[in-house]
Amino acid sequence: MDLFNFLTVDQWLAILRIGIGLWWLKSVFHKDLRSFVTKGMSNWTVALAENHPVEPFGKLIGNMVDKNRSWFPYLVVLGEFAVGVGLVFGFLTPISLAVAIFLNLNYIALAGVKPKDISVNECYQCEQGQNYNMIVPQFVLLALGGWNVWSLDSLVGLF
Numbered sequence: 418m419d420l421f422n423f424l425t426v427d428q429w430l431a432i433l434r435i436g437i438g439l440w441w442l443k444s445v446f447h448k449d450l451r452s453f454v455t456k457g458m459s460n461w462t463v464a465l466a467e468n469h470p471v472e473p474f475g476k477l478i479g480n481m482v483d484k485n486r487s488w489f490p491y492l493v494v495l496g497e498f499a500v501g502v503g504l505v506f507g508f509l510t511p512i513s514l515a516v517a518i519f520l521n522l523n524y525i526a527l528a529g530v531k532p533k534d535i536s537v538n539e540c541y542q543c544e545q546g547q548n549y550n551m552i553v554p555q556f557v558l559l560a561l562g563g564w565n566v567w568s569l570d571s572l573v574g575l576f
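Quick note: the sequence shown, position 144, residue 561 per our numbering, numbers continuous.
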């Protein structure tokens, strides 16, 4: 089916998939990676967890990150990078989309709520719009098969 007599729905979905993938890659490359992996991410995450309004969730996240400071930030960067590459090239796209949704939901659950001590994250609502706005099209791509064209998945017959 052509949409606007220009591209098919599957091609528009591919454009959306590629655009979201590029946004994930931008998320990796706009970071000061050295600072992010050496202390920034872990320190901020632990501070958010300690001030989380839902104490069991805060303790779970805080303990997980605090005990794994040496490698956890690399996992976050690797996850964002893998999602970006997976979506841009359409490789293992349903898995990339599931991981992307998981990451966005976690970012919202931790940094998108008002902390007990507001000085930890004064802007707790500032950047959450991008997470919400990424979740919706990621679900759409997952539901409608956003890997049907212009993807390595379609080229090799995956999914």
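For glycine and all other residues, C-beta sits at the position ideal for the given N, C-alpha and C.
Practice item. Could you pull out every unbroken beta strand (DSSP E) segment of at least 3 residues lying fully inside the region 425-473, listed in chain order? Key: none
Check your understanding: What first and last residue would you give for the alpha helix (DSSP H) that runs through residue 556?
Key -> 545-561
Check your understanding: Shortest alpha-carbon distance to residue 438 belongs to which of 543, 459, 470, 507?
Key -> 507
Point to revise | Three-way DSSP call (helix, strand, coil) for residue 532 in this model | key: coil
Review point. Does DSSP put residue 497 in a helix, a strand or coil?
Key: helix
**Study point:** Close Cβ partners of residue 444 (< 7 Å) along its chain, the five nearest in sequence each way excluded
**Key:** 497
**Study point:** Rounded straight-line distance, which links the Cα of residue 423 to that of residue 499
**Key:** 31 Å
Review point. Between the C-alpha atoms of residue 549 and residue 463, what's the straight-line distance to the nearest angstrom?
Key: 23 Å
**Study point:** Assigned secondary structure, residue 575 (DSSP; H/G/I helix, E/B strand, else coil)
**Key:** coil
Review point. For residue 459 versus residue 493, is the C-beta distance shorter than 7 Å?
Key: no
Point to revise | Inter-residue CB distance, residue 503 and residue 509 (contact presumed, cutoff 8 Å) | key: 5 Å
Practice item. Go through its chain and collect everything with a Cβ distance to residue 469's Cβ below 6 Å, but skip five positions before and after it. Key: 475
**Study point:** Close beta carbons around residue 466, own chain, < 6 Å, minus the five adjacent residues each side
**Key:** 475, 478, 479
Review point. Comparing alpha-carbon positions, which option in 448, 428, 522 lies nearest residue 553?
Key: 522
Practice item. Assuming residue 431 contacts residue 536 (C-beta within less than 8 Å), just tell me the rounded distance between them. Key: Not confirmed; about 44 Å, so no contact.
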